[in-house]
Structures are given as C-alpha cells and as structure tokens.
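K.L.:
My questions all concern the structure below.
Number of protein chains: 2
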Amino acid sequence: MSIRIGIYGWGNLGRGVELALRANPDVEGVAVFTRRDPSTIVTKTGIPVYGVWEVEKFAKKIDVMILCGGSATDLPVQTPLLAEKFCVVDSFDTHAKIPQHLSAVDAAARKGDKTALISVGWDPGLFSLARLYASAILPEGKDYTFWGKGVSQGHSDAIRRIEGVADAKQYTIPVNAAMVAVREGKEPDLTTAQKHERECFVVVKEGADKARIEKEIKEMPNYFADYKTTVHFVSEEELNEKHSGLPHGGVVIRSGKTGLEKEHTHTIEYSLKLDSNPEFTASVLVACARAVYRLQQEGATGAKTLFDIPPAYLSSVDRDTLIAKML
Amino acid sequence: MSIRIGIYGWGNLGRGVELALRANPDVEGVAVFTRRDPSTIVTKTGIPVYGVWEVEKFAKKIDVMILCGGSATDLPVQTPLLAEKFCVVDSFDTHAKIPQHLSAVDAAARKGDKTALISVGWDPGLFSLARLYASAILPEGKDYTFWGKGVSQGHSDAIRRIEGVADAKQYTIPVNAAMVAVREGKEPDLTTAQKHERECFVVVKEGADKARIEKEIKEMPNYFADYKTTVHFVSEEELNEKHSGLPHGGVVIRSGKTGLEKEHTHTIEYSLKLDSNPEFTASVLVACARAVYRLQQEGATGAKTLFDIPPAYLSSVDRDTLIAKML
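Residue numbers (the numbering used here), protein chains in the order written: chain A, 1 to 327; chain B, 328 to 654.
Take a look at the structure:
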C-alpha cells in the first residue's frame with residue numbers, strides 16, 4: 001500500500017512534488033489543492049485537482065499533505081491550519097521565524113494527534129544537517145555557509161519593482177577567495193556580503209534610463225548596497241533564452257581543530273549543485289513525507305525538524321538493506 | 328553531571344578519544360583500559376589507566392565505553408563481550424561484516440538492557456549518512472565514494488611485509504578525471520581501481536634489490552595489481568620527516584536526475600580533508616557516545632547505527648538553540 005500524498009499549492013514547488021512522486025515507488029499523489037479554479041489546471045501525471053475549500057473532505061484519504069506555498073504569507077497561516085487535520089510537511093525557510101512557526105505548528109498537530117515536519121529543503125534542511133553533524137563532531141571550529149551560484153527570487157523581484165524595469169534575474173555567487181580561505185582552515189571572520197557577490201541581468205522598458213536603474217540597484221539597502229554587484233542590461237530574448245532556469249546550490253564548510261596543541265585541522269564540506277531549485281526541494285519534501293508517515297505510524301505527534309528524524313526514516317529502502325549496502 | 332566515558336584500548340584511536348573528550352564540556356574520561364601493564368602508560372590529561380581484566384568493576388562507574396580496538400580481530404570479540412555490561416560505541420569498519428557484527432552486538436546489548444552504537448567514524452559513519460540522505464532524496468541517481476588523499480594502514484602494512492623493506496607508507500589518491508566526470512553528472516561506471524591510484528614511499532634494508540621490491544609491490548594482487556601504482560624509494564629520515572602523519576579524507580558524490588524528461592541534474596557532494604584520521608574518528612566516537620547515553624536514558628536497548636539516531640542526539644547543544652541557530 002502506497003503512502004497517499006496531497007499537494008497543497010500549485011506553483012513551481014507543487015509541480016516539482018508531482019514529478020518527485022514518480023521517482024518513489026512507495027508514494028502516490030492523490031490530490032492537488034489550489035486557490036484557483038481547479039478546472040483550469042491539468043497535472044502532468046493525472047493527479048486530480050481540487051479547490052482548497054474542499055480539503056476537509058480528504059482528512060481520511062491523505063496520509064501526508066505536502067505544503068507548497070511561500071514562506072512569507074502562505075505557510076505561517078496554512079501549516080498550523082492544516083496540521084490539526086493532516087500530517088504535514090512544509091519548506092518554511094524564513095530562518096529567523098522558525099522557532100515561532102515550529103511552536104504554532106506543534107500546538108495544532110498535538111491537538112489533532114498528527115505529525116508535522118517543518119522547514120524541510122536544502123537550506124533550511126540538508127544544509128542544517130551538515131551544520132549540525134559537523135559542529136557536533138568538531139566542537140572547536142567554525143562553520144560557513146555559501147549560497148550559489150543560483151537565482152535568488154527575492155532579489156530578482158526587488159529589481160523588477162524598480163521603475164523602468166521590465167524583467168530581471170539575479171544570481172547570488174559565492175566569492176571564491178573567501179571559500180579558499182575557509183577551506184584552508186584559516187577561520188576568517190566574514191560577513192554575508194564578504195562571502196557573496198551579485199550579478200543582475202536586467203531587461204528595461206523602452207526609453208528607460210539605464211544609468212539611473214543601475215544606480216538604484218547598486219544602492220538598494222540590504223539587497224545590494226553591501227555587495228559587489230554587477231548589472232548587465234540584456235534583451236528580453238536573451239533573458240528568456242539564457243536565464244530562464246532556476247539553478248541554485250551552495251556549500252557548507254566547517255573547519256575545526258583537534259590534537260594536544262590543536263595542531264590538526266579538519267575540513268568538512270557539504271555542497272549542492274542544482275539544476276532546478278524547486279524540483280530538488282520537492283525531492284527533499286517527498287522523502288520527508290515518508291518519514292512523517294512512519295513517525296505517525298509509531299504514534300509520534302507534534303512538530304519535528306530534520307534534527308529529530310532518524311536518517312533511515314527518509315529512505316524507501318529497508319533497514320537491513322541500508323546497513324548492508326550503504327553503511 | 329558529565330557523561331562518564333571509558334576508553335577501551337590504547338592505540339592511536341584511544342589517544343585521539345582522550346583529546347576529543349577535552350573539546351566536549353558534557354563528557355568526562357574516567358578510565359582507560361589496556362592489555363598492557365597499566366603502570367607503563369601515562370595519559371595526557373590524567374585519566375587513570377587500568378588493565379582490561381579490571382573492567383567489570385566499572386559497570387556502574389562508566390556511562391558509555393568507547394571501544395578503540397581494531398576491526399580485524401579486536402572488535403568482533405570485544406564489542407559483543409562488553410555490550411552486555413556497558414553501553415558501547417565502536418568504529419567497526421569491515422563493511423562486508425557489519426550485518427553479522429550488528430547482530431552479535433545487538434543480542435548482547437539486549438541481554439543486558441544496554442544501548443550500543445556500532446560502525447561509527449567517517450567511513451562507515453559520516454560517509455554512510457551522506458550516501459543515505461543523498462539516495463533518499465535523489466532515488467534516480469548513482470553514488471560514488473572516493474577515498475584520499477590519505478594513508479592506508481593496510482596497504483602500508485602489506486608493503487612492509489615484503490622481504491627487504493624496512494618501512495613504508497602508502498597513500499590512496501582519488502583519480503581527478505574520474506571525480507570530474509562524476510561531478511558533471513555523467514554517471515560513469517567505475518571500479519575502485521579506476522577511481523584511485525596508489526603512491527608508495529618505501530625505505531629498503533641495506534643491499535635490498537629495489538627493482539624486485541617495486542615489481543612485487545606493483546604485482547601484489549588485490550592491493551596494487553589493478554591500480555596505477557607509483558613507488559618512490561626514500562631514506563628513513565625522509566619517511567619520518569615528510570610522511571609521519573596520518574592524514575586522510577575523501578568524497579561521497581551522488582548525482583541524480585529530476586524533471587518530466589529527467590532534464591535536470593543535481594549533484595550532492597560530501598567531502599572530508601583530515602590532518603589526523605584517528606583524531607577525527609575519535610571525535611565522531613565521542614559525539615556518538617553522547618547519543619548512546621541519551622538513547623539509554625530513554626530506555627532504548629540493542630545495537631544501533633548512525634542511520635537510527637536523530638541527528639540532534641549527537642550535539643551537546645539543546646534542541647531549542649539548535650533550531651534557532653543551525654536550522
């Protein structure tokens with residue numbers, strides 16, 4: 001019997017989840033929920049589509065609901081709302097607000113005796129695991145997270161809001177010299193701006209003042225002002241042809257010392273190179289849905305993070321085989 | 328109150344554990360056990376030393392015993408023997424024999440209501456975790472493990488057994504072209520010999536026939552015959568000066584596909600660069616001892632692997648802080 005999955009939200013992430021389900025023999029998509037008119041959506045693999053207003057009818061028909069909304073306004077409301085009736089997984093990624101989100105989801109899940117797993121993906125998610133394992137093993141050390149090369153939706157949106165801009169894509173790029181210093185165990189002090197630079201591809205509206213736009217981008221506080229920023233003006237065709245994907249990735253590096261006089265340096269590095277950020281995040285969500293299902297079967301309730309989950313719970317392979325083949 | 332740790336076996340690994348304990352505020356070394364005359368050993372931090380024949384007296388004085396013997400002959404006997412009376416951690420690393428070791432340790436631990444954690448270190452251990460997480464997330468893909476650059480004790484020993492050899496160090500080195508092909512997502516089929524080459528530094532006894540020794544090394548079945556092998560003859564002084572350390576490391580890479588037509592490639596890479604293999608392995612053992620202690624407090628019994636352990640159990644940091652700072 002397959003684990004019955006619901007997909008709540010039909011953007012890039014929801015579409016990625018649909019595709020990720022195909023790669024996993026033990027899960028099955030039973031419903032997509034959308035705020036739009038369901039009749040306007042056709043899924044690639046034939047999963048039926050319903051309005052979000054119909055979700056309560058599925059309480060007994062879905063084992064795990066994968067929430068595919070955004071972290072800014074969707075998930076803070078949706079995850080606590082659904083966690084009382086469904087086992088849920090989400091990819092809530094506003095780091096500073098994770099504790100309050102966890103606590104809201106935990107209360108809801110406990111009320112309904114359900115299991116929830118929040119902030120799943122690659123950062124937070126796999127990168128968090130890399131930080132945790134590495135710091136537990138090398139307590140005397142320092143860790144660094146570099147993001148990119150990849151498209152930042154938030155920064156692309158910020159450029160699009162500037163007057164005269166028709167479209168834009170922003171790449172976050174790790175600074176190579178900073179990575180080299182970290183890998184050498186030098187434990188430098190680095191701000192986010194010292195670790196990253198920003199490259200922008202911008203399409204302007206006819207007659208727009210490019211010099212003013214470039215200045216507005218480079219001086220935008222928080223987003224660009226502190227960073228080395230490069231702006232390229234390109235045609236709409238070039239943007240669509242060369243910059244339509246959503247690649248991303250990054251590296252977590254921890255270097256630490258051991259030995260009587262701390263004479264030995266060790267470097268632990270975890271890196272991702274992703275052609276499609278939403279499809280990869282969706283793949284993490286699906287593996288985590290399996291873990292949630294198993295936790296619920298065991299009677300666990302409340303909200304968890306990846307820090308709480310035995311790694312084997314994420315795999316479709318049985319424990320004996322995992323131990324024989326992967327340990 | 329600290330977690331009281333015993334160190335069973337006083338070689339490179341045991342000495343590494345003693346040093347690793349200092350880096351962890353919540354653990355305390357209470358006894359070292361040796362097969363030698365305890366009066367001949369002085370520990371760096373003053374942990375008292377006892378004969379292995381005295382170990383039973385410590386049943387109530389040690390929370391977790393860290394076993395620091397070798398996988399060939401020590402651990403298959405020692406871990407099951409001690410697991411009935413003590414909570415234990417070991418670094419058993421003979422991959423093919425892990426299932427039978429697990430089962431022997433499990434039976435002993437259950438008999439005494441104790442918790443055991445076996446095959447801890449970096450491979451098996453952290454590399455196993457990297458393989459498990461990556462394959463759970465990208466089921467349609469392939470993973471590769473590269474070892475090195477690092478000293479292989481087994482291969483160094485094999486050279487030392489050749490007639491006329493006074494001393495030797497062997498480095499296992501990953502083949503760069505193979506790593507590049509894997510990182511590009513080409514999913515090549517590669518044997519261990521295609522992924523690694525071997526570099527040997529050999530000191531010969533006076534009058535020994537270097538040509539014969541080089542031939543014997545390069546033709547040694549299993550160890551060298553299938554590999555590109557380089558032999559350097561060096562003086563004893565040079566060997567001691569330049570090759571006395573025990574560095575090691577390696578990389579686990581999984582590449583996998585997602586998308587409707589599998590058009591997107593993702594690469595997950597986990598790598599280690601270690602100045603001291605035994606001190607790093609010891610650091611993993613100490614973090615795992617903490618996890619064993621917590622599992623025992625919860626009432627868990629039997630033999631576990633890292634696949635079974637919630638990651639947070641390895642850290643000395645409390646869950647709320649982990650979630651706030653590392654997730």
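For glycine and all other residues, C-beta sits at the position ideal for the given N, C-alpha and C. Note that this is a predicted model, so its numbers are computed, not measured.
Counting only runs of 4+ residues fully inside the stretch 202 to 252 of chain A, write out the alpha helix (DSSP H) ranges in chain order.
P.N.:
Whole alpha helix (DSSP H) segments, 4+ residues: 210 to 218, 236 to 242.
K.L.:
Can you pull the chain B residues whose beta carbon is under 8 angstroms from the beta carbon of residue 24 of chain A, in chain order?
P.N.:
By Cβ distance, chain B contributes 466.
K.L.:
Which of helix, strand or coil does DSSP assign to residue 28 of chain A?
P.N.:
Note: residue 28 of chain A maps to strand in three-state DSSP.
K.L.:
Is there a C-beta anywhere in chain B that falls below 7 angstroms from the one on residue 279 of chain A?
P.N.:
Yes, contact with chain B.
K.L.:
Answer yes or no: does any C-beta atom of chain B fall closer than 7 angstroms to that of residue 266 of chain A?
P.N.:
Yes, contact with chain B.
K.L.:
Can you check whether the C-beta of residue 110 of chain A is within less than 7 angstroms of a C-beta belonging to chain B?
P.N.:
Residue 110 of chain A does not count as touching chain B.
K.L.:
Verify the CB distance criterion: does residue 242 of chain A have a CB-CB separation below 7 angstroms to chain B?
P.N.:
Not one chain B Cβ lies under 7 angstroms of residue 242 of chain A.
K.L.:
Suppose contacts are defined by Cβ-Cβ distances below 7 angstroms. Is residue 640 of chain B in contact with residue 618 of chain B by that definition?
P.N.:
Yes, the Cβ-Cβ distance between residue 640 of chain B and residue 618 of chain B is below 7 angstroms.
K.L.:
For residue 10 of chain A, does the three-state DSSP call read helix, strand or coil?
P.N.:
Three-state result, residue 10 of chain A: coil.
K.L.:
Just how far apart, CA to CA, sit residue 460 of chain B and residue 527 of chain B?
P.N.:
Their backbone Cα atoms lie some 35 angstroms apart in a straight line.
K.L.:
Residues of chain A with CB under 9 angstroms from residue 417 of chain B, in chain order?
P.N.:
Going along chain A, no residue has its Cβ under 9 angstroms from residue 417 of chain B, so there is no contact; the nearest lies around 13 angstroms.
K.L.:
Might you give, ordered along the chain, the residues of its own chain that have their beta carbon closer than 7 angstroms to the beta carbon of residue 4 of chain A, omitting 5 neighbours on each side?
P.N.:
Closer than 7 angstroms at Cβ, skipping near neighbours: 28, 30, 61, 62, 63.
K.L.:
Near residue 431 of chain B, which residues of its chain fall below 8 angstroms by C-beta distance, leaving aside the five closest residues on each side in sequence?
P.N.:
Cβ within range, chain order: 403, 406, 407.
K.L.:
Taking a contact to mean a Cβ-Cβ separation below 7 angstroms, would you say residue 55 of chain A touches residue 282 of chain A in this structure?
P.N.:
It is not a contact, given that the beta carbons lie outside the stated cut-off.
K.L.:
Does residue 360 of chain B get closer than 7 angstroms to chain A when you measure Cβ to Cβ?
P.N.:
Output row for residue 360 of chain B: interface = no.
K.L.:
Please list, in chain order, the chain A residues whose beta carbon lies closer than 7 angstroms to that of residue 446 of chain B.
P.N.:
In chain order: 327.
K.L.:
Of all the options A/142, A/178, A/41, A/182, which has the alpha carbon lying nearest to the alpha carbon of residue 193 of chain A?
P.N.:
Closest option to residue 193 of chain A, Cα to Cα, is A/178.
K.L.:
Alpha carbon to alpha carbon, what distance is there between residue 496 of chain B and residue 97 of chain A?
P.N.:
Residue 97 of chain A and residue 496 of chain B: Cα-Cα distance of roughly 52 angstroms.
K.L.:
Keeping to the same chain, check which residues put their C-beta closer than 8 angstroms to that of residue 629 of chain B; ignore five residues upstream and five downstream.
P.N.:
Taken in chain order, the residues that qualify are 433, 436, 437, 442, 443.
K.L.:
Could you pull the start and end residues of the beta strand (DSSP E) that residue 598 of chain B belongs to?
P.N.:
Element bounds for residue 598 of chain B: 591 to 601.
K.L.:
Where do the ends of the alpha helix (DSSP H) carrying residue 334 of chain A lie?
P.N.:
Since the first residue shown for chain A is 1 and the last is 327, residue 334 of chain A is missing from the structure and cannot be characterised.
K.L.:
Hey, is residue 328 of chain A's beta-carbon within less than 7 angstroms of any beta-carbon in chain B?
P.N.:
Residue 328 of chain A is absent from the structure shown; chain A starts at 1 and stops at 327.
K.L.:
Under 7 angstroms Cβ to Cβ from residue 204 of chain A, same chain only, skipping five residues before and after it: list those, please.
P.N.:
If we look at residue 204 of chain A and ignore the five residues flanking it on each side, its Cβ neighbours are 164, 165, 166, 210, 213, 233.
K.L.:
Just by C-beta distance, which residues in the stretch 598 to 624 of chain B are closer than 7 angstroms to chain A?
P.N.:
Of all residues in the stretch 598 to 624 of chain B, 598, 599, 600, 601, 602, 603, 606, 607, 610, 611, 614 have a Cβ within less than 7 angstroms of some Cβ in chain A.
K.L.:
Return the CA-CA distance between residue 353 of chain B and residue 69 of chain A, expressed in angstroms with no decimal places.
P.N.:
Each residue's Cα considered, the two are about 41 angstroms apart.
K.L.:
Quick one, are the C-beta atoms of residue 458 of chain B and residue 326 of chain A less than 7 angstroms apart?
P.N.:
Their beta carbons are under 7 angstroms apart, which means residue 458 of chain B touches residue 326 of chain A by this criterion.
K.L.:
Compute the Euclidean distance between the alpha carbons of residue 468 of chain B and residue 594 of chain B, then round it to the nearest angstrom.
P.N.:
When rounded, the distance between both Cα atoms is 9 angstroms.
K.L.:
Quick one: does residue 500 of chain B have its CB under 7 angstroms from some CB of chain A?
P.N.:
No, residue 500 of chain B does not count as interfacial toward chain A.
K.L.:
Have a look at residue 305 of chain A and residue 317 of chain A and give me their C-alpha separation to the nearest angstrom.
P.N.:
Looking at the two C-alpha atoms, the distance is approximately 21 angstroms.
K.L.:
Just curious, the alpha helix (DSSP H) that residue 522 of chain B is in, first and last residue?
P.N.:
That run of the alpha helix (DSSP H) goes 519 to 522.
K.L.:
When burial is assigned at 16 or more other CB atoms within 10 Å of the CB, is residue 120 of chain A buried or exposed?
P.N.:
Classification for residue 120 of chain A: buried.
K.L.:
Identify the contact partners of residue 371 of chain B in chain A, using a Cβ-Cβ distance below 7 angstroms as the criterion.
P.N.:
The contacting residues are 260.
K.L.:
Run through the stretch 130 to 205 of chain A for me and flag every whole alpha helix (DSSP H) of 4 or more residues, listed as ranges in chain order.
P.N.:
List check, alpha helix (DSSP H) in window: 153 to 160, 176 to 183, 192 to 195.
K.L.:
Exposed or buried, what is residue 82 of chain A when buried is set at 16 or more other beta-carbons lying within 10 Å of its beta-carbon?
P.N.:
The residue is buried, with at least 16 neighbouring Cβ atoms inside 10 Å.
K.L.:
Does the stretch 238 to 252 of chain A come within contact of the stretch 144 to 157 of chain A, defined as at least 3 CB pairs closer than 8 angstroms?
P.N.:
Segments in contact, yes.
K.L.:
Out of B/545, B/368, B/366, B/464, which has the shortest C-alpha to C-alpha gap to residue 485 of chain B?
P.N.:
Checked all of B/545, B/368, B/366, B/464; the closest Cα to residue 485 of chain B is B/545.
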